[in-house]
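> Can you read through this structure? Questions will come right after.
2 protein chains.
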Amino acid sequence: MTNHKLSTDPYKGVRDFYPEDMAIQRYLFDVWSATAEAFGFERYDASILEPAELYKSKGAENEEIINEQAYTFTDRGDREVILRPEMTPTVARMVAGKRRELQFPARWYSIPNLFRYERPQRGRLREHWQLNCDIFGGEPFAADLEILTLAAHLFRTFGATEDTFEIRVNSRALLEDQITPQLRDEAQLPEYLRLLDRKAKLSDEEFREREATLLKDGAQVQVVADAYINELLHGLRALGVTNAVFEPTITRGFDYYTGVVFEVFDISGQNPRALMGGGRYDNLTGLFGGEPVSGVGFGLGDVTMRDFLETHELLPTTLKATGPHVMVIPMSASEHLYAEQVAHQIRQAGFSVATDIGNKKVGEKISRASEKGTKFICVIGEDEATSNVLTLKRLASGEEQRGELAALVNFLAVE
Amino acid sequence: MTNHKLSTDPYKGVRDFYPEDMAIQRYLFDVWSATAEAFGFERYDASILEPAELYKSKGAENEEIINEQAYTFTDRGDREVILRPEMTPTVARMVAGKRRELQFPARWYSIPNLFRYERPQRGRLREHWQLNCDIFGGEPFAADLEILTLAAHLFRTFGATEDTFEIRVNSRALLEDQITPQLRDEAQLPEYLRLLDRKAKLSDEEFREREATLLKDGAQVQVVADAYINELLHGLRALGVTNAVFEPTITRGFDYYTGVVFEVFDISGQNPRALMGGGRYDNLTGLFGGEPVSGVGFGLGDVTMRDFLETHELLPTTLKATGPHVMVIPMSASEHLYAEQVAHQIRQAGFSVATDIGNKKVGEKISRASEKGTKFICVIGEDEATSNVLTLKRLASGEEQRGELAALVNFLAVE
Numbered sequence: 012m013t014n015h016k017l018s019t020d021p022y023k024g025v026r027d028f029y030p031e032d033m034a035i036q037r038y039l040f041d042v043w044s045a046t047a048e049a050f051g052f053e054r055y056d057a058s059i060l061e062p063a064e065l066y067k068s069k070g071a072e073n074e075e076i077i078n079e080q081a082y083t084f085t086d087r088g089d090r091e092v093i094l095r096p097e098m099t100p101t102v103a104r105m106v107a108g109k110r111r112e113l114q115f116p117a118r119w120y121s122i123p124n125l126f127r128y129e130r131p132q133r134g135r136l137r138e139h140w141q142l143n144c145d146i147f148g149g150e151p152f153a154a155d156l157e158i159l160t161l162a163a164h165l166f167r168t169f170g171a172t173e174d175t176f177e178i179r180v181n182s183r184a185l186l187e188d189q190i191t192p193q194l195r196d197e198a199q200l201p202e203y204l205r206l207l208d209r210k211a212k213l214s215d216e217e218f219r220e221r222e223a224t225l226l227k228d229g230a231q232v233q234v235v236a237d238a239y240i241n242e243l244l245h246g247l248r249a250l251g252v253t254n255a256v257f258e259p260t261i262t263r264g265f266d267y268y269t270g271v272v273f274e275v276f277d278i279s280g281q282n283p284r285a286l287m288g289g290g291r292y293d294n295l296t297g298l299f300g301g302e303p304v305s306g307v308g309f310g311l312g313d314v315t316m317r318d319f320l321e322t323h324e325l326l327p328t329t330l331k332a333t334g335p336h337v338m339v340i341p342m343s344a345s346e347h348l349y350a351e352q353v354a355h356q357i358r359q360a361g362f363s364v365a366t367d368i369g370n371k372k373v374g375e376k377i378s379r380a381s382e383k384g385t386k387f388i389c390v391i392g393e394d395e396a397t398s399n400v401l402t403l404k405r406l407a408s409g410e411e412q413r414g415e416l417a418a419l420v421n422f423l424a425v426e
Numbered sequence: 012m013t014n015h016k017l018s019t020d021p022y023k024g025v026r027d028f029y030p031e032d033m034a035i036q037r038y039l040f041d042v043w044s045a046t047a048e049a050f051g052f053e054r055y056d057a058s059i060l061e062p063a064e065l066y067k068s069k070g071a072e073n074e075e076i077i078n079e080q081a082y083t084f085t086d087r088g089d090r091e092v093i094l095r096p097e098m099t100p101t102v103a104r105m106v107a108g109k110r111r112e113l114q115f116p117a118r119w120y121s122i123p124n125l126f127r128y129e130r131p132q133r134g135r136l137r138e139h140w141q142l143n144c145d146i147f148g149g150e151p152f153a154a155d156l157e158i159l160t161l162a163a164h165l166f167r168t169f170g171a172t173e174d175t176f177e178i179r180v181n182s183r184a185l186l187e188d189q190i191t192p193q194l195r196d197e198a199q200l201p202e203y204l205r206l207l208d209r210k211a212k213l214s215d216e217e218f219r220e221r222e223a224t225l226l227k228d229g230a231q232v233q234v235v236a237d238a239y240i241n242e243l244l245h246g247l248r249a250l251g252v253t254n255a256v257f258e259p260t261i262t263r264g265f266d267y268y269t270g271v272v273f274e275v276f277d278i279s280g281q282n283p284r285a286l287m288g289g290g291r292y293d294n295l296t297g298l299f300g301g302e303p304v305s306g307v308g309f310g311l312g313d314v315t316m317r318d319f320l321e322t323h324e325l326l327p328t329t330l331k332a333t334g335p336h337v338m339v340i341p342m343s344a345s346e347h348l349y350a351e352q353v354a355h356q357i358r359q360a361g362f363s364v365a366t367d368i369g370n371k372k373v374g375e376k377i378s379r380a381s382e383k384g385t386k387f388i389c390v391i392g393e394d395e396a397t398s399n400v401l402t403l404k405r406l407a408s409g410e411e412q413r414g415e416l417a418a419l420v421n422f423l424a425v426e
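Residue numbers (my numbering), protein chains in the order written: chain A, 12 to 426; chain B, 12 to 426.
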């Protein structure tokens with residue numbers, strides 16, 4: 012034991028979830044889960060600990076992640092370990108590991124926590140949660156269509172209207188087809204894509220200047236939707252998704268994308284930003300040997316989602332009501348055991364219930380129960396403790412009913 | 012890119028949760044959650060990353076955890092970080108941090124993953140999940156009674172009968188009162204408790220020999236239940252918990268326990284072991300300064316729980332059925348878009364549904380849907396794609412109904 016007073020702060024850049032925050036977090040996760048499952052997605056999970064080599068074979072971009080942005084350490088057995096910064100390598104590893112037993116198409120989702128070593132001054136979090144949805148195998152057009160429909164529904168299910176967000180679709184294959192012939196050097200396609208990705212942040216003049224250094228003399232790039240993209244947008248409309256558009260500047264950062272790429276954008280003007288993104292990758296499991304499995308998927312972060320829902324006032328106001336349905340309130344400590352028995356009976360009848368065994372006065376106990384969203388109170392005094400008769404009070408209306416519990420169950424069922 | 016073939020194994024000592032394993036894991040977590048919430052517990056969470064100093068102030072026992080069994084590393088900002096090996100220090104930190112705003116009694120639960128660096132040869136896991144329930148504040152007798160009742164219900168809710176497990180209760184206060192006067196040296200109480208804890212593993216003679224070195228000449232220790240323990244066992248019976256007993260050898264390892272300590276034991280003979288444990292601690296938040304908050308709580312691990320449920324055949328056999336309610340099966344790729352539209356309509360009607368966009372034959376697609384627990388199939392051929400008429404087949408009975416979707420919703424509602 013030391014006399015040093017410990018700090019109650021969490022580790023830098025991570026969050027504590029007190030019950031009221033946790034209620035919001037669970038609401039996000041529950042809606043995500045229910046929506047993914049409505050589309051037939053099955054949930055998987057894995058450890059946050061991964062062998063670091065899983066991130067070392069994907070090329071230069073990942074070296075940056077490993078060296079500058081990831082939590083890595085060496086364990087006591089000299090293994091290099093990483094706290095996963097994204098879920099795609101993990102799910103690719105898992106799919107590759109059971110490639111022969113799995114049935115394709117496999118629709119998988121997970122809600123992992125991910126870690127990045129962000130410098131504190133940027134005010135960004137070092138741990139966040141992310142919904143990851145992927146379809147492995149299956150005919151690509153239908154799978155692309157489905158993943159985009161699911162993306163739209165993840166916002167619709169929370170109550171977002173189609174005028175508040177937009178699905179911006181492009182294709183890596185299309186970009187490659189239309190841009191490569193215009194380049195001085197085909198190997199500079201990734202550089203051109205990075206320039207395209209930043210187009211909105213540059214002036215027209217800046218963009219044209221930089222573009223000219225990459226293109227053949229006199230060449231011009233005019234990226235236009237191809238038949239595949241048009242068919243996809245048509246398909247989306249047939250599935251009720253009317254807010255998807257072709258956007259030639261969407262490229263997505265990750266090297267592993269090979270087909271469709273997309274982002275969901277908040278277009279309401281209050282919070283103009285990308286809310287999520289994803290795309291098709293055809294070679295990801297190839298790193299593990301054997302036949303590659305193709306896939307299409309996306310990631311959607313909890314912080315971004317919560318910001319969007321708060322901006323658009325879509326979070327239910329009842330979420331903070333984390334108290335039980337019924338609070339049993341003993342008048343004094345001598346009624347505690349009887350109060351626990353009453354609570355037990357109410358619980359057996361199917362309601363969540365707690366007993367206020369604190370030392371506040373009855374009036375204060377009632378106010379506190381009400382603040383926590385509790386619907387009914389049941390005060391236990393000497394009279395109740397010596398009879399089988401209870402008094403239940405519905406806090407919203409003040410209405411009371413008195414009797415044996417069996418006769419009060421219907422009263423309890425209506426908030 | 013390298014040509015090195017990556018392993019598909021997870022990091023040593025941690026588990027991948029493929030959908031079938033995840034379904035079992037979620038079942039455990041859902042029952043845990045529902046049971047804790049029926050008792051009015053509120054869910055909280057925190058990051059797995061904690062400042063290492065949180066574990067450094069609790070004395071010698073924790074130095075062993077830090078130095079030998081914990082994952083610790085130094086971050087890029089020279090902060091020493093620990094992957095939490097248990098949840099109690101975290102929850103104590105959180106409660107201490109909002110001591111003035113929280114309402115007591117506070118009933119809190121969490122289902123954290125915890126990390127221990129176990130040597131691989133022992134075959135133990137390095138990451139496991141644990142249900143943690145604590146009541147902070149409130150009158151101690153009622154809180155102890157409640158936490159023990161909840162412990163019993165965590166097994167009862169899964170269908171365990173009272174003859175398969177037993178709640179073994181003791182008290183640190185009682186042990187101290189009855190043992191200290193018999194000791195040669197009062198400071199040797201912890202050593203005596205460790206000996207008592209190992210009693211079942213020693214022969215009577217070994218125990219007596221070692222005991223003699225700690226006791227005064229001629230002294231004897233006969234630990235008997237005191238009034239508090241008897242009242243607690245009486246209270247538990249009044250709450251329907253008939254399988255709780257006083258067990259003088261239960262001591263629990265952690266130094267922070269100060270009152271009641273308990274373990275739940277599997278007594279069916281097939282798997283005789285402690286399933287969970289907990290106790291009362293009165294000083295834990297004191298490390299953070301300010302008034303200490305007392306608490307009582309326990310931890311219950313996922314591996315132990317699953318072993319218990321498997322031993323007693325209490326896991327529902329339907330858990331592996333992770334497929335959607337309905338599978339729409341297009342005869343060929345030209346029906347994919349229409350099939351997705353049908354799936355969309357079925358989903359809007361409130362059922363989970365997926366479209367089999369793989370390249371298997373229809374017969375095989377039907378078998379696969381059935382294996383995954385899907386209840387209905389809807390085959391889409393050219394006829395269906397050009398009309399509004401669908402054929403739905405209930406896989407369990409083979410019964411078919413044909414018509415427009417609106418007329419088939421009631422058929423779909425009955426499995």
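Note that beta-carbon positions come from the ideal geometry of N, C-alpha and C, so glycine has one too.
(1) Let me see if you follow: with CB-CB separation under 7 Å, is A/V25 close to chain B or not?
(2) Does the stretch 193-204 of chain B come close enough to the stretch 235-248 of chain B to have 3 or more Cβ pairs within less than 8 Å?
(3) Starting from the C-beta of A/R405, find all residues in its chain whose C-beta is less than 7 Å away, skip the five residues before and the five after it, and write them out in chain order.
(4) Identify every run of the alpha helix (DSSP H) within the stretch 261-344 of chain B, keeping only runs that are complete inside it and at least 4 residues long; order them along the chain.
(5) Restricting to Cα atoms, I'd like to know which of A/D86, A/L194, A/Q80 and A/W43 is closest to A/E138.
(6) According to DSSP, is B/P116 helix, strand or coil?
(7) Where A/E220 and A/G270 are concerned, what is the direct C-alpha to C-alpha distance, given to the nearest angstrom?
(8) Please list the partners that B/L348 has in chain A, where partner means a Cβ-to-Cβ separation under 9 Å.
(9) What span of residues does the alpha helix (DSSP H) with A/Q352 cover, start to end?
(10) Nearest-angstrom Cα distance between B/K383 and B/V353?
(11) Quick one: residues in its chain with C-beta nearer than 6 Å to the C-beta of A/I357, no 5 flanking neighbours on either side, listed in chain order?
(12) Secondary structure at A/I35, three-state DSSP: helix, strand or coil?
(13) Check whether chain A comes within 7 Å of B/P100, counting only Cβ atoms and requiring the distance to be less than that.
(14) Could you tell me which chain B residues have their CB closer than 7 Å to the CB of A/K109, listed as they occur along the chain?
(15) Using a Cβ-based criterion (distance less than 6 Å to any ligand heavy atom), does A/L247 qualify as near the ligand MN?
(16) Measuring CB to CB, does B/D56 end up less than 7 Å from A/M33?
(17) Closer than 7 Å by beta-carbon distance: list the chain B residues that pair up with A/Q352, in chain order.
(18) Select from A/L243, A/K23 and A/D293 the residue whose C-alpha is nearest the C-alpha of A/D155.
(19) With 7 Å as the threshold, decide whether the Cβ of A/G51 is near any Cβ in chain B.
(20) A/H139 CB to nearest chain B CB: under 7 Å?
(21) According to the neighbour-count rule (16 or more other Cβ atoms, all chains shown, within 10 Å of its Cβ), is A/G414 buried or exposed?
(22) Taking the alpha-carbon of B/I278 as reference, which of B/D208, B/T175 and B/P192 has the nearest alpha-carbon?
(23) Distance check for B/S121 and A/L225, CA to CA, integer angstroms please.
(24) Is there a Cβ of chain A sitting closer than 7 Å to that of B/Q114, yes or no?
(25) The beta strand (DSSP E) spanning A/R405 covers which residue range?
(26) In this structure, how does DSSP classify B/I368 when only helix, strand and coil are distinguished?
(27) With which residues is A/G414 paired in a DSSP beta bridge?
(28) Whether or not the stretch 329-349 of chain A and the stretch 147-167 of chain B are in contact is what I'm after, with contact meaning three or more pairs of Cβ atoms, one per stretch, closer than 8 Å; do they touch?
(29) Just reading off the alpha helix (DSSP H) that B/I240 is part of, what are its end residues?
(30) For B/F50, I'd like the list of residues in its chain whose CB is within less than 6 Å of its CB, leaving aside the five on either flank, ordered along the chain.
(31) Along the chain, which unbroken stretches of the alpha helix (DSSP H) at least 4 residues long are found entirely within the stretch 184-237 of chain B?
(32) Name the DSSP beta bridge partners of A/F465, please?
(33) Are any of the Cβ atoms in chain A nearer than 7 Å to that of B/D89?
(34) Relative to the alpha-carbon of B/A117, which residue among B/K109, B/P123 and B/N124 has its alpha-carbon at the smallest distance?
(35) Using a Cβ distance threshold of 8 Å, determine whether the stretch 25-45 of chain B contacts the stretch 88-96 of chain A, with at least three qualifying pairs required.
(36) Determine the burial state of A/V180: buried for a count of at least 16 other Cβ atoms within 10 Å of its Cβ, exposed for fewer.
Reading off the structure:
(1) Within the first sequence, the letter at position 14 stands for residue 25 of chain A. Yes, because at least one Cβ of chain B sits closer than 7 Å to the Cβ of A/V25.
(2) no
(3) Mapped onto the first sequence, residue 405 of chain A falls at position 394. Same-chain partners within the cutoff: K386 and F387.
(4) 313-322
(5) One-based indexing of the first sequence puts residue 138 of chain A at position 127. Ranking the options by Cα distance to A/E138, first place goes to A/Q80.
(6) As a position in the second sequence, residue 116 of chain B is number 105, starting the count at 1. Note: B/P116 maps to coil in three-state DSSP.
(7) Counting from 1 along the first sequence, the entry for residue 220 of chain A is found at position 209. Counting from 1 along the first sequence, the entry for residue 270 of chain A is found at position 259. Our two residues, A/E220 and A/G270, have alpha carbons roughly 28 Å apart in a direct line.
(8) As a working mapping, residue 348 of chain B is identified with position 337 in the second sequence. B/L348 reaches chain A at F152, A153, L156, E242, H245, G246, A249 and L250, counting residues in chain order whose Cβ is nearer than 9 Å.
(9) Start at 1 with the first residue of the first sequence, and residue 352 of chain A comes out as number 341. Note, A/Q352: alpha helix (DSSP H), H347 to Q359.
(10) As a working mapping, residue 383 of chain B is identified with position 372 in the second sequence. As a working mapping, residue 353 of chain B is identified with position 342 in the second sequence. So the two alpha carbons sit approximately 20 Å from each other.
(11) Taking the first sequence and counting its residues from 1, one reaches residue 357 of chain A at position 346. Hits under 6 Å: V337 and V364.
(12) The count along the first sequence starts at 1 and reaches residue 35 of chain A at position 24. Looking at A/I35 - three-state DSSP - the assignment turns out to be helix.
(13) Position 89 of the second sequence, counted from the start, is the residue given in the question as residue 100 of chain B. Judged by the 7 Å Cβ criterion, B/P100 is not in contact with chain A.
(14) Within the first sequence, numbered from 1, the residue matching residue 109 of chain A stands at position 98. What A/K109 touches in chain B: Y29.
(15) Among the components modelled here there is no ligand, and therefore nothing to report on the ligand MN.
(16) Taking the second sequence and counting its residues from 1, one reaches residue 56 of chain B at position 45. Taking the first sequence and counting its residues from 1, one reaches residue 33 of chain A at position 22. Against a cut-off of 7 Å, the Cβ pair of A/M33 and B/D56 comes out as a contact.
(17) Your numbering for residue 352 of chain A matches position 341 in the first sequence. Going along chain B in sequence order, the residues near A/Q352 (Cβ under 7 Å) are A249 and L250.
(18) Sequence index remark: in the first sequence, residue 155 of chain A carries index 144 (1-based). Cα-wise, what sits closest to A/D155 is A/L243.
(19) Translated into the one-based positions of the first sequence, residue 51 of chain A becomes position 40. With 7 Å as the cut-off, A/G51 counts as an interface residue toward chain B.
(20) Mapped onto the first sequence, residue 139 of chain A falls at position 128. No, because no Cβ of chain B sits closer than 7 Å to the Cβ of A/H139.
(21) In the first sequence, residue 414 of chain A corresponds to position 403, counting from 1. Exposed, because fewer than 16 other Cβ atoms sit within 10 Å of the Cβ of A/G414.
(22) Residue mapping note: residue 278 of chain B aligns to position 267 of the second sequence, counting from 1. Selected option, being the one with the closest Cα: B/T175.
(23) Mapped onto the first sequence, residue 225 of chain A falls at position 214. Mapped onto the second sequence, residue 121 of chain B falls at position 110. Each residue's Cα considered, the two are about 55 Å apart.
(24) One-based indexing of the second sequence puts residue 114 of chain B at position 103. Closer than 7 Å: yes.
(25) Taking the first residue of the first sequence as 1, we reach residue 405 of chain A at position 394. From DSSP, the beta strand (DSSP E) with A/R405 extends over L401 to R405.
(26) Position 357 of the second sequence holds residue 368 of chain B. Coil at B/I368, not helix or strand.
(27) Along the first sequence, one-based indexing puts residue 414 of chain A at 403. DSSP, once it has assigned bridges, lists A/L401 as partnering A/G414.
(28) yes
(29) Numbered from 1 along the second sequence, position 229 holds the residue referred to as residue 240 of chain B. Element bounds for B/I240: A238 to A249.
(30) Position 39 of the second sequence, counted from the start, is the residue given in the question as residue 50 of chain B. The answer, listed in chain order, is L161.
(31) With a minimum length of 4 residues, the continuous alpha helix (DSSP H) runs that stay inside the stretch 184-237 of chain B are 200-208 and 215-225.
(32) This structure gives no information on residue 465 of chain A, because the portion of chain A shown stretches from 12 to 426.
(33) Here the question's residue 89 of chain B lines up with position 78 in the second sequence. No, because no Cβ of chain A sits closer than 7 Å to the Cβ of B/D89.
(34) Position 106 of the second sequence, counting from 1, holds the residue named residue 117 of chain B. Cα-wise, what sits closest to B/A117 is B/K109.
(35) Result no; under three Cβ-Cβ pairs closer than 8 Å.
(36) By one-based count along the first sequence, residue 180 of chain A stands at place 169. With 16 or more Cβ atoms within 10 Å of its Cβ, A/V180 is classed as buried.
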